[in-house]
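Below is one structure, written out as structure tokens, with a few remarks after it.
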Amino acid sequence: MTGDTPEAVRLLCDQVKQIEAEYPQQEDEKRIYLCLDDPEQQKQYRELCKPTKEVCFLNRQYDVVYWSLGSLLLSAALYDEAEEMFETAIAWNPLSIRSRLDLGKVYIQREQWKALYALSLFCLEHHPQEEELAQCYRNLGDCYSEWGEYELATALYWFSTLYDPNSTDAVVGLYHIALRSEKISPPSGLEQIIDSLEKNHIPLVRLEEVSNMEEKLNFF
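Numbering of the sequence shown is given in my numbering, commencing with residue 233 and proceeding in unit increments.
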């Protein structure tokens, strides 16, 4: 933690107490409260979750408070506490890809690969942004690398660089594979990567955009 982090944690904890005092139960028998004030997001939530209770949409950012606190706790390696905050952030905003992916960082630290895999697939299917897309594919690469599926993991790491070419995380993943297996070579091109992902039923998000980005791949 930096010098300012404990004070930031204290301030965020105070905000959490205020939220929980106002909404002692984020969900009860009859209704659920969500931080979704955009009509399009509200529609998306109803289509995705098909709620059976009355939904009360609030013009608040309570999910951001819990996510911010979770991020600080994660940086302090307080994984149980961080997990609780990220899960609460998701409860307030079920459409938050950011909160789910940061929950995935807790799973990585605990080596909960099946949970990380399921979470990353969910995020891929729900409109992530480019850097979030890259993280989803890297997460899947981490899972397959841990499971010894090095060829598929390699394809996923390379594919992730199309969405976030400046990230070093994919390079680290490829380096770990190189240490574990000398037989794995870089893919011959984007077509081979796509074929590998399709055979393993991994969603190809925005494929029409990706098809024009092969020149970004810099195999070394």
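Virtual Cβ for every residue (Gly too), placed ideally from N, Cα, C.
Source: prediction; values computed, not measured.
Please list the terminal residues of the continuous alpha helix (DSSP H) segment that includes I340. Its alpha helix (DSSP H) spans residues I329 to R342.
For L268, which of S328, L310, Y389 and K249 has the nearest alpha-carbon? Of the listed residues, the one whose Cα sits closest to L268 is S328.
Closest Cα partner of L394 within the set H408, Y277 and L365: Relative to the Cα of L394, the nearest Cα in the group H408, Y277 and L365 belongs to L365.
Range covered by the beta strand (DSSP E) that runs through R292: Boundaries cannot be given for R292, as no beta strand (DSSP E) includes it and DSSP labels it neither H nor E.
Element boundaries [alpha helix (DSSP H), containing I425]: Segment L422 to K431, the alpha helix (DSSP H) holding I425.
Could you give the residue range of the alpha helix (DSSP H) that holds Y389? DSSP places Y389 inside the alpha helix (DSSP H), whose first and last residues are Y382 to S392.
May I ask you to report which of helix, strand or coil DSSP gives Y265? Reduced to three states, the DSSP call for Y265 is strand.
Apply the 10 Å Cβ neighbour rule to Y407 and answer buried if 16 or more other Cβ atoms are within range, or exposed otherwise. Residue environment analysis places Y407 among the exposed positions, since fewer than 16 neighbouring C-beta atoms fall within 10 angstroms of its C-beta.
When the Cα of L266 is compared with those of V248, A253, R242 and Q293, which residue comes out closest? Check the Cα spacing between L266 and each of V248, A253, R242 and Q293: the tightest is with Q293.
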